[in-house]
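K.L.:
Protein chains: 2
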Amino acid sequence: MVNQRSDATWQSCKSDSSGTSNSGESSKESSRCSTPVLDADRTDRLRDKMRRRIESGDRWFSLEFFPPRTSSGAVNLISRFDRMGSGGPLFIDITWHPAGDPGSDKETSSMMIASTAVNYCGLESVLHLTCCNQTKDKITGHLDKAKRLGLKNIMALRGDPVGADWVEEDGGFSYATDLVKHIRCEFDDYFDICVAGYPTGHPEAESYEVDLTHLKEKVDAGAHFIVTQLFFRAETFLKFVKDCRSIGITCPILPGIFPIQGYHSLRQLVKLSKLEVPEEMTQVMEPIKDNDAAIRSYGIHQAVEMCKILLASGEVPGLHFYTLNREVATVEVLRQLGLWAEDPRRPLPWAISAHPKRKVEDVRPIFWASRPKSYIYRTQDWDDFPNGRWGNSASPAFGELTDYYLFYLKSKSPKEALLQMWGEELTSEESVYEVFTNYLSGQANRNGHKVMCLPWNDDPLAPETNLLKDELEKVNRRGVLTINSQPNINGKASSDPIVGWGPAGGYVFQKAYMEFFTSSENVAALLQVLKKYEPRVNYHIVNVQGRNITNAPDMQPSAVTWGIFPGREIIQPTVVDPVSFMSWKDEAFALWIEQWAKLYEDESPSRMIIQYIHDNYFLVNLVDNDFPLDSCLWQVIEDMFQLLDGPAAPHDGPL
Amino acid sequence: MVNQRSDATWQSCKSDSSGTSNSGESSKESSRCSTPVLDADRTDRLRDKMRRRIESGDRWFSLEFFPPRTSSGAVNLISRFDRMGSGGPLFIDITWHPAGDPGSDKETSSMMIASTAVNYCGLESVLHLTCCNQTKDKITGHLDKAKRLGLKNIMALRGDPVGADWVEEDGGFSYATDLVKHIRCEFDDYFDICVAGYPTGHPEAESYEVDLTHLKEKVDAGAHFIVTQLFFRAETFLKFVKDCRSIGITCPILPGIFPIQGYHSLRQLVKLSKLEVPEEMTQVMEPIKDNDAAIRSYGIHQAVEMCKILLASGEVPGLHFYTLNREVATVEVLRQLGLWAEDPRRPLPWAISAHPKRKVEDVRPIFWASRPKSYIYRTQDWDDFPNGRWGNSASPAFGELTDYYLFYLKSKSPKEALLQMWGEELTSEESVYEVFTNYLSGQANRNGHKVMCLPWNDDPLAPETNLLKDELEKVNRRGVLTINSQPNINGKASSDPIVGWGPAGGYVFQKAYMEFFTSSENVAALLQVLKKYEPRVNYHIVNVQGRNITNAPDMQPSAVTWGIFPGREIIQPTVVDPVSFMSWKDEAFALWIEQWAKLYEDESPSRMIIQYIHDNYFLVNLVDNDFPLDSCLWQVIEDMFQLLDGPAAPHDGPL
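Top line first, the protein sequences correspond to chains H and A.
Count the first sequence with the UniProt record's numbering and you get residues 1 to 655, in order.
Count the second sequence with the UniProt record's numbering and you get residues 1 to 655, in order.
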């Protein structure tokens, strides 16, 4: 859908500074490359995704968000990205918030929120960028940073002048067209560029026709698609598209949809954007204007009806939603339109990051299964990512634990909620066992609170782990404190709702895995028991000081999840890697202190109990290699307890 | 086992020319490497293998060969390498044959035979090198070439002077010690070096004691192990070892074992090497000296008894056999000693090349399954080899078919034998079908000859293919001319005698695969039938002109053999790669002409029949992705025949 003429335009303006070009033409390939390195910028660009969806008639939607004001707002917004991302948007976009230091490293900046969406939530993202009140150099700086962070798409806007007396900065830009040209000149074809269209004309434009000409200029300067301002009638948009096409604009034009979510917020928005609400709508809304629920429900109805007309017209390949950072209305509209992916097929068992550097990544250690964002964070500086094989990770340089970030060692839940779940006061190690058991059983604790998360699991139990719930409860009750486990799977369909992943028609497999904290007494018995299970069970046992016992052959990683698919190579997305386990254990042990012990006063008994566990317990992982047989790991634990309970207790005592 | 003092010696003689150093210390690793590149020279050197075997008390044997005189002798010797390689020698060595242009590219040269053993037969090999009559530069040239060819071990010898008036060449060497020093100076620690020991003293040495001092000098100069001249009494060797140890030689000393294979050859050898045959042996042999069988059987008995004493002494970690390029006696001695590996565990389904560059290689296309040497040959110039994944082989540069080599497009069998097997005169395409059917059934053809090979299969049917024999016979009889196939396997033990491979305790899997030539009429019907089998069956169909029909998604490779092992990542040693298939088809079609058609006169009917098949048939491969179910490929073929036979024949006609 790239406009040929606009390509010619920007080609002629290429400056010397296009050394930042990322066209990929120059990279010399070796005679044989064992890694399927796809050129991110050529085969997987947003414009290509749009083109393929248009060709196949597969309609999409996209979601607009604005950056939050506070750091806890940021944590919430990221959770929303995860939830709304699961519905299958083609992309999301983050507005540029000039007053909020938008290009900074603050966790609430436009730049960092967009980066988080790409890197940690795996969402194709478009970063807005406005040019008024900014120098060329500053803009180039923002773009350089965006590129470095893995962002590939820019929404080029003029932005609102601050105050009425705004004049062009020296060396700045007056119009979005200038910004588009600048991006193409300085960054060649690296970024996909979106520009704004105004179905009723820009409020400051001389006329609707003149505004259309400006839009044509923006596209000719090198923009790849258009997202429109909101509007209230389908015919407004359809006329606009027709007028665009008639003057030679050929790129995709996506209607901006605004589900009305409240009467007063609508009034304010309309005033700001100088739009008019049609008479027939105000007539409906006036009588119910103080009934929020009724207004929302009307808003949803109105948006659904309008979208139906738009989609039926054949002129609309995708819908763009102004979410106002809210979830319910937009999701409901999408559900009613049948565009919300209720059960998105997982391409891998874990969420893929959308950073182009990580494109080929398809293997990760299982340890971070419940903490994927922490894994992405700790590996963000890697030059390349495991593909096909984890490999012999002699020294995978995991990021240090001294770095903190939004979701790194912090819980999503506030302190009070955590205390309610994990206990205002702990009296013994057993009260810790109880917290684990309650998390697994889903039952309320003695104070009537459900344990919805643990330091190692920010979310309720995964459906897959539910398969093991009863067995897990039993062992946790006795002090085998499980933080990660998976059942063995011997060739289930890749479409299986619980354990399936990957393309259709495939088969998925797993080795049974269990990871837990337990006392040194238990470990002493466990080591005796494990001798009976050689070489069926691989184990790795470590304490906080790094004392390290394993039978992994040559410290090699072991694949514990893999899939076989029609016409593809084997995919093995998770491994147990003895080397990485040493980095993970630092994090796993730190979570006892950072998330749990620190809830309590220094020197308090509760804190000392957690500290004791942290200092004395071992972290254990077990893999049962005989995946076609019933898992023997429960029997291993049972044998351990029997040995401990038996008349002839081990003479060795604790480790 | 490296002698510390000798290390000090060579360290001090390092010259500037040690730029050829391959110590690996300098290679800077990236922050994260997804490929487990082991440093060939550090972890898998012959000296390390010996050290590990000595530590574990696991005795080994090695085999000495000399280069053949003729090119057909070379083909035979290479087959012998394959057969004797399967018995599990720790290494083989190839003598340096000064009269035979030993460093040349001739297929009979010492250099090329050693290279073939390493690269194509996957054998750890030691190349002999003599220094007399050669300049330093020439020797360096040989060593450079050996290194380039993937050879890692040198047996450093003085060699026999040519004629009595031999004097040291200018810039040459007089002693093996000088050669050892030269290798260590010029190539640092790259080569493992072997030197010769003389249990009764070198015939030209002043005395036994002086000769021992020379040996000590060779070791101090940097040799890693010693192989001795042959001897006839165990005590001769054991005394020699004791004397070596007493003067500080600590490296492994391997006894040279010579199973007597004939009375007269023994006499000649003894004369040349100035050895004495003990009285007790001549007494036994004299009476039976004209009975070859009796002498051989005595030779085997004598060698076995001597080896038993040697092994029992605890002084002998491995036995070195002078094979004289013969198989029977040496193999029999090894069998009686229990050192011959009757059923060597296969690390992968195909034979691994021993070239250090190919160390990490663990994926190959299935097409060359019966022609592994051709595959190695056509990929010898690759910079790196697939590991873990085959990858997206956009343009794997396979060597051209215009190159010929020992085993490349030639058959091992002579023309007359091929004509007897494949028919002196072909009368129709059906007579070709019969050849294929007879190959599969193992039954004699109408002239009483068994078909032991086909152009695409130089050996009789693999045991695994035997599982499919009846079905294969049936379809070949009707013109589905199979050249490669494997059954589906759903998790058999890795120790399975027929389909097993890889480490113990694992499970192996396969997708059913079939590859065949067939007429364009059949292909037209097949394509109709295959629609019913989407996406279960992946197919790739191509004719000699390159007309190319496939349903492989994105031309991606498909894994068809894989294994799951305790404590390891998934290994997937064979794939069906649609891109490589286009290179393979050139070879597969060329074999019709090069091996078969050319047996007949130009313009003869037989030749024209083969030429017709070559020009008009298609090469087809089919993969059944549903490996847990019974293979559907037979049904696919059956459906094709039914469609062809049915009352409503397809209207399309031939392609």
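From the three backbone atoms N, C-alpha and C, an ideal C-beta is built for every residue, glycine too.
Bear in mind the structure is a predicted one, so any value in this text is a computation, not a measurement.
Note down, in chain order, every chain A residue with its Cβ under 9 Å from the Cβ of Gln-505 of chain H.
P.N.:
The displayed chain sequence assigns Gly, not Gln, to residue 505 of chain H. Here the neighbours are Pro-535, Arg-536, Asn-625, Asp-626.
K.L.:
Would you say the segment 435-447 of chain H touches the segment 471-484 of chain H, given that touching needs at least three Cβ pairs under 8 Å?
P.N.:
Output reads yes: the segment 471-484 of chain H touches the segment 435-447 of chain H.
K.L.:
Could you please give the first and the last residue of the uninterrupted beta strand (DSSP E) stretch that includes Met-155 of chain A?
P.N.:
Run containing Met-155 of chain A: 153-157, per the beta strand (DSSP E) assignment.
K.L.:
Within 10 Å of its beta-carbon, does Met-1 of chain A have 16 or more other beta-carbons around it, so buried, or fewer, so exposed?
P.N.:
Here the model assigns Met-1 of chain A a pLDDT of 30, short of 50, so the residue's position is not dependable and the matter cannot be decided.
K.L.:
Report yes or no: do the segment 599-609 of chain H and the segment 576-584 of chain H share at least 3 C-beta pairs separated by less than 8 Å?
P.N.:
Contact between the segment 599-609 of chain H and the segment 576-584 of chain H is absent, because fewer than three Cβ pairs lie under 8 Å.
K.L.:
Tell me where the beta strand (DSSP E) around Leu-230 of chain A begins and ends.
P.N.:
Residues 225-230.
K.L.:
Output the distance between the C-alpha atoms of Leu-526 of chain H and Tyr-513 of chain H, rounded to the nearest integer angstrom.
P.N.:
Distance between the alpha carbons of Leu-526 of chain H and Tyr-513 of chain H: 16 Å.
K.L.:
When you compare only the Cα positions, how much space is there between Pro-566 of chain H and Glu-315 of chain H?
P.N.:
Approximately 36 Å between the Cα atoms of the pair.
K.L.:
Identify the continuous beta strand (DSSP E) that holds Glu-64 of chain A and give its terminal residues.
P.N.:
60-65 is the extent of the beta strand (DSSP E) around Glu-64 of chain A.
K.L.:
What does DSSP give as the partner residues of Leu-454 of chain A in its beta bridges?
P.N.:
DSSP output for Leu-454 of chain A lists A:Asn-457 as bridge partner(s).
K.L.:
If contacts are defined as beta-carbon pairs under 8 Å, then Arg-47 of chain A and Asp-192 of chain A qualify, I think. What distance do you get, rounded to the angstrom?
P.N.:
Yes, they are in contact, since the Cβ atoms of Arg-47 of chain A and Asp-192 of chain A sit about 5 Å apart, within 8 Å.
K.L.:
Would residue 667 of chain A pass as an interface residue toward chain H - the criterion being a Cβ-Cβ separation below 8 Å?
P.N.:
Outside the modelled stretch of chain A, which goes from 1 to 655, sits residue 667 of chain A, for which no answer is possible.
K.L.:
Do you know how far the Cα of Lys-412 of chain A is from the Cα of Pro-460 of chain A?
P.N.:
Their Cα atoms are separated by approximately 13 Å.
K.L.:
Who does Asp-192 of chain H pair with in a DSSP beta bridge?
P.N.:
According to DSSP, Asp-192 of chain H bridges with H:Asn-153.
K.L.:
Determine, for Gln-572 of chain A, whether the minimum Cβ-Cβ distance to residues of chain H falls below 8 Å.
P.N.:
So, interface residue.
K.L.:
Give a yes or no on whether 8 Å exceeds the smallest Cβ distance from Glu-569 of chain H to chain A.
P.N.:
Cβ-Cβ to chain A under 8 Å: yes for Glu-569 of chain H.
K.L.:
Does residue 657 of chain A pass the burial test, meaning 16 or more other C-beta atoms within 10 Å, or should it be called exposed?
P.N.:
Outside the modelled stretch of chain A, which goes from 1 to 655, sits residue 657 of chain A, for which no answer is possible.
K.L.:
Per DSSP, what kind of secondary structure is Glu-168 of chain H in: helix, strand or coil?
P.N.:
Note that Glu-168 of chain H has pLDDT 49, beneath the 50 cutoff, so the model's placement of it is unreliable and the number below is only indicative. Glu-168 of chain H: coil per DSSP, three-state reduction.
K.L.:
Would you mind sorting Ala-114 of chain A into buried or exposed? The rule is 16 or more other CB atoms within 10 Å of its CB.
P.N.:
When all chains shown are included, Ala-114 of chain A counts as buried.
K.L.:
Can you pull out the residues from the segment 573-584 of chain A whose beta carbon lies closer than 8 Å to at least one beta carbon of chain H?
P.N.:
Listed by position, the residues of the segment 573-584 of chain A near chain H (Cβ gap below 8 Å) are Val-575.
K.L.:
Using DSSP bridges, identify the partner residues of Leu-129 of chain A.
P.N.:
A:Ala-156.
K.L.:
Going along chain A in order, which residues have a C-beta closer than 9 Å to the C-beta of Gln-566 of chain H?
P.N.:
This sequence places Pro at residue 566 of chain H; Gln is not what is there. Residues of chain A passing the Cβ test: Pro-535, Arg-536, Val-537, Asn-538, Pro-553, Ser-558, Val-623, Asn-625, Asp-626.
K.L.:
Using DSSP with H/G/I as helix, E/B as strand and the rest coil, what is Lys-239 of chain H?
P.N.:
Residue state, collapsed to three classes: helix.
K.L.:
Under a CB-based cut-off of 8 Å, is Trp-390 of chain A close to chain H?
P.N.:
Yes, Trp-390 of chain A lies at the interface with chain H (some Cβ there is under 8 Å from its Cβ).
K.L.:
In the DSSP assignment, what are the bridge partners of His-320 of chain A?
P.N.:
DSSP lists A:Ser-62, A:Gly-256 as partners of His-320 of chain A.
K.L.:
What residue from A:Cys-194, A:Ala-176, A:Tyr-190, A:Asp-243 has the CA that sits closest to Leu-208 of chain A's CA?
P.N.:
Strictly speaking, residue 208 of chain A in this sequence is Tyr, with Leu absent from that position. Here the closest residue by C-alpha is A:Asp-243.
K.L.:
Residues of chain A with a CB under 7 Å from the CB of Gly-491 of chain H: which are they?
P.N.:
Per Cβ cutoff of 7 Å: Pro-628.
K.L.:
Can you list, in chain order, the residues of its chain whose CB lies under 8 Å from that of Ile-300 of chain H, leaving out five sequence neighbours each side?
P.N.:
Within the same chain, Ile-300 of chain H has close Cβ partners Pro-259, Ala-329, Glu-332, Val-333, Gln-336.
K.L.:
Suppose you measure from the CA of Cys-453 of chain A to the CA of Ile-549 of chain A; what does that come to, to the nearest Å?
P.N.:
One C-alpha to the other measures close to 29 Å.
K.L.:
List the residues of chain A whose Cβ lies closer than 8 Å to the Cβ of Ile-562 of chain H, in chain order.
P.N.:
Checking the displayed sequence, the identity of residue 562 of chain H turns out to be Trp instead of Ile. Under the 8 Å cutoff, chain A gives Ile-564, Ile-570.
K.L.:
Whose C-beta lies closer than 6 Å to the C-beta of Leu-310 of chain A among residues of the same chain, with five residues either side of it excluded?
P.N.:
Excluding residues within five positions, the ones whose Cβ falls inside 6 Å are Ala-234, Pro-255, Val-316.
K.L.:
Would you mind reading off the limits of the beta strand (DSSP E) that contains Tyr-600 of chain H?
P.N.:
Note, Tyr-600 of chain H: premise wrong, no beta strand (DSSP E); not H, not E.
K.L.:
Using a Cβ-Cβ cutoff of less than 6 Å, which residues in the same chain neighbour Gln-635 of chain H once the five nearest sequence positions on both sides are dropped?
P.N.:
Cβ neighbours of Gln-635 of chain H beyond the five flanking positions: none.
K.L.:
What residues in the segment 373-390 of chain H have a beta carbon less than 9 Å from any beta carbon of chain A?
P.N.:
Hits within the stretch, in order: Thr-379, Asp-381, Trp-382, Asp-383, Asp-384, Phe-385, Pro-386, Asn-387, Gly-388, Arg-389, Trp-390.
K.L.:
Assign Ser-313 of chain A to one of two classes, buried (16 or more other C-beta atoms within 10 Å of its C-beta) or exposed (fewer than that).
P.N.:
Flag for Ser-313 of chain A reads exposed.
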